[in-house]
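Here the structure comes first, spelled out in structure tokens, and everything after it is commentary.
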Amino acid sequence: MTTAAEPATAPVPPDDRAASGERASTAAEPAQASWREVGLYLLERAGHALRRAAAVVRPIGWVLIAVAALLWIVGPWMGWREVTVAAVVVTVVLGLCLLFLVGRTTYDVTLDLTRTRVVVGERAVGALTLANSGGRAILPSRVVLPVGAGRGVFGVKHLAPGEEVEELFAIPTVKRAVLPVGPVSIVRGDPLGLFERVDSRDEPVDLYVHPRTVRFEGQSLGFVRDLEGMVSRELARDDIAFHALSEYQPGDDLRHVHWRSTARTGTIMVRTYEQTRRSHFVIGLSTNPAEYADEDELELAVSAAGSLGLRALRDSYKVDVRTQSGRLRTESQKHLLDSLSGVEPSRPKAGGTTALAGSIAAAAPAASVVVLACGSRVTAAELQAAISRLPLGSRVLAVVAALGQEPGRRRIGEADVITVGDLDQLAPSLRRVLA
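In this text, residue positions in the sequence shown follow the working numbering: the first is 96, and each later residue adds one.
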């Protein structure tokens with residue numbers, strides 16, 4: 096009796112078995128990693144969808160959803176038919192309100208401000224144009240236009256394809272500020288206010304509310320900025336105002352060699368000059384709220400600083416305006432007023448007028464005129480300490496904003512100090528100082 100021989104199986108060495116298992120696990124790792132990435136991607140998309148869905152529910156909507164869920168649990172569990180009927184009614188109401196969100200709100204939005212720069216008290220007028228450029232009608236909706244911390248709401252009627260509507264608006268300005276206008280939001284919601292879908296359109300536009308300023312004529316503060324400037328006692332190797340001859344030093348410009356004196360003395364002689372100073376008009380505006388009686392007094396100081404800065408720019412001076420927060424842009428009158436529109440009260444740790452004077456001395460040691468604008472709570476001793484820190488040789492004027500007080504003038508050291516209780520008092524007070 097013969098039996099079929101079983102096929103021989105070659106034994107696998109232990110090392111080969113380990114290697115084959117290692118290859119199998121290595122091949123499985125990329126598959127597991129890809130499935131993990133797919134799972135994370137799906138979770139992320141699901142979370143994004145849930146967040147978008149939850150964003151359309153208003154607080155009262157969440158309350159009704161919670162009430163409906165509670166009624167659906169209590170009614171069948173307790174066997175109360177009335178509770179179950181109430182659950183059905185609430186659910187139907189929620190479903191009907193959701194239908195109001197269905198539809199497109201793809202308006203073409205155009206926001207046009209006729210003036211992006213106004214003075215405090217003026218109205219900024221603009222227009223909001225919404226057009227339906229699609230092939231289907233758009234149901235009535237609301238348009239929300241944020242203006243700073245507030246907002247305006249417009250009701251938009253049913254728009255047929257190709258139809259457009261224009262809404263005019265006016266923004267009253269009662270305070271100096273930089274107000275972002277927009278972005279425009281299209282709001283679609285139900286009559287009960289349970290759900291609301293908001294789509295943002297367009298980009299915000301900055302509205303600059305400039306401080307009030309006054310224009311005054313007559314002699315201005317500072318040196319006249321002419322060709323030769325204001326001659327100082329410091330000598331330089333290259334300038335305009337000739338002073339004397341001196342021996343040549345390595346590095347001197349050979350163009351300034353005086354050849355006739357060189358031939359007569361046998362030593363190379365060069366011209367030396369007196370340095371000329373071009374008017375550097377520096378305004379230090381203190382924004383420490385502790386130095387002012389109220390916000391209106393700070394606004395008076397800002398208006399005074401702006402008025403002086405505008406006059407200096409009209410006189411073609413180099414103007415530098417500094418606060419505790421740093422230097423403001425003053426390349427032009429527009430830049431100056433725009434910067435002053437955004438000036439905010441500083442923190443107490445930034446210091447007051449004395450600290451501001453120290454920073455001015457460090458940043459502008461060659462300033463020809465320095466104006467300090469501060470509030471009524473700054474004492475005479477503090478003003479004297481601030482004036483003593485300013486650059487030597489500069490002409491100093493201090494403007495104290497004291498809302499409602501009578502104008503006054505005094506001297507502290509080498510500085511003129513004027514007190515103004517109203518912006519209209521600034522020009523007469525300056526004329527008395529310059530007389």
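The C-beta atom is built at its ideal place from N, Cα and C for all residues, glycine as well.
Check: Spatial neighbours of V220 in its chain, beta-carbon cut-off 6 angstroms, leaving aside the 5 residues before and after; Outcome: T209, A265
Check: Coil, strand or helix - A510 by DSSP; Outcome: strand
Check: Supposed close pair A399, S471 - CB separation, criterion 8 angstroms; Outcome: Contact doesn't hold; Cβ gap of about 13 angstroms is too wide.
Check: Endpoints, beta strand (DSSP E) assigned at K413; Outcome: 413-418
Check: Sub-9 angstroms separation of L478 and L467 beta-carbons; Outcome: yes
Check: Among L234, I155, L225, R406, nearest to A522 - alpha-carbon criterion; Outcome: R406
Check: Same chain, Cβ closer than 7 angstroms to S454, five either side skipped, listed in chain order; Outcome: R417
Check: CB contact flag (E261, A222, <9 angstroms); Outcome: yes
Check: Whole-angstrom C-beta distance between F290 and V151, which should lie under 8 angstroms; Outcome: 5 angstroms
Check: DSSP state of H253 mapped onto helix, strand, coil; Outcome: coil
Check: Three-way DSSP call (helix, strand, coil) for L529 in this model; Outcome: helix
Check: C-alpha gap between I363 and L423, whole angstroms; Outcome: 48 angstroms
Check: Status (buried if at least 16 other CB within 10 Å, exposed otherwise) for E394; Outcome: buried
Check: Host alpha helix (DSSP H) of A407 (start-end); Outcome: 390-409
Check: Contact under 9 angstroms by Cβ, G437 with A385; Outcome: no
Check: Distance between beta carbons of I281 and S236, contact taken as under 8 angstroms; Outcome: 6 angstroms
Check: Bridge-paired residues (DSSP) for C469; Outcome: V495
Check: For H430, the first and last residue of its enclosing beta strand (DSSP E); Outcome: Per DSSP, H430 belongs to no beta strand (DSSP E); it is in the alpha helix (DSSP H), 428-436.
Check: CB-CB length for S483 against G508, believed under 8 angstroms; Outcome: 7 angstroms
Check: Buried versus exposed, by CB contacts within 10 Å (16 or more), D519; Outcome: exposed
Check: Beta carbon of G250 nearer than 9 angstroms to that of V238; Outcome: yes
Check: Buried versus exposed call for I155 [16 or more other C-beta atoms within 10 Å across all chains shown]; Outcome: exposed
Check: Host beta strand (DSSP E) of G379 (start-end); Outcome: 375-380
Check: Other residues of its chain near P486: CB distance less than 8 angstroms, five sequence neighbours each side excluded; Outcome: I455, A456, A459, P460, A461, A462, V465
Check: Helix, strand or coil at G230 [DSSP, three-state]; Outcome: coil
Check: Residue(s) in a DSSP beta bridge with P267; Outcome: R218
Check: Three-way DSSP call (helix, strand, coil) for Y303 in this model; Outcome: strand
Check: Expected contact under 8 angstroms - CB spacing of L380 and A396 to nearest Å; Outcome: 6 angstroms
Check: Beta-carbon proximity list for E342, same chain, < 8 angstroms, skipping 5 on both sides; Outcome: T362, I363, M364, V365
Check: Contact under 9 angstroms by Cβ, L302 with L274; Outcome: yes
Check: Pair within 9 angstroms by beta-carbon distance, V300 and T211; Outcome: yes
Check: Secondary structure of V239, DSSP reduced to three states; Outcome: strand
Check: Close-in-space but distant-in-sequence residues of the same chain around H351 (CB under 6 angstroms, 5 per side omitted); Outcome: V365, R366
Check: Limits of the unbroken beta strand (DSSP E) element including L159; Outcome: Unbroken run through L159 is the alpha helix (DSSP H), 154-173; no beta strand (DSSP E).
Check: Where E258 sits in the DSSP three-state scheme; Outcome: coil
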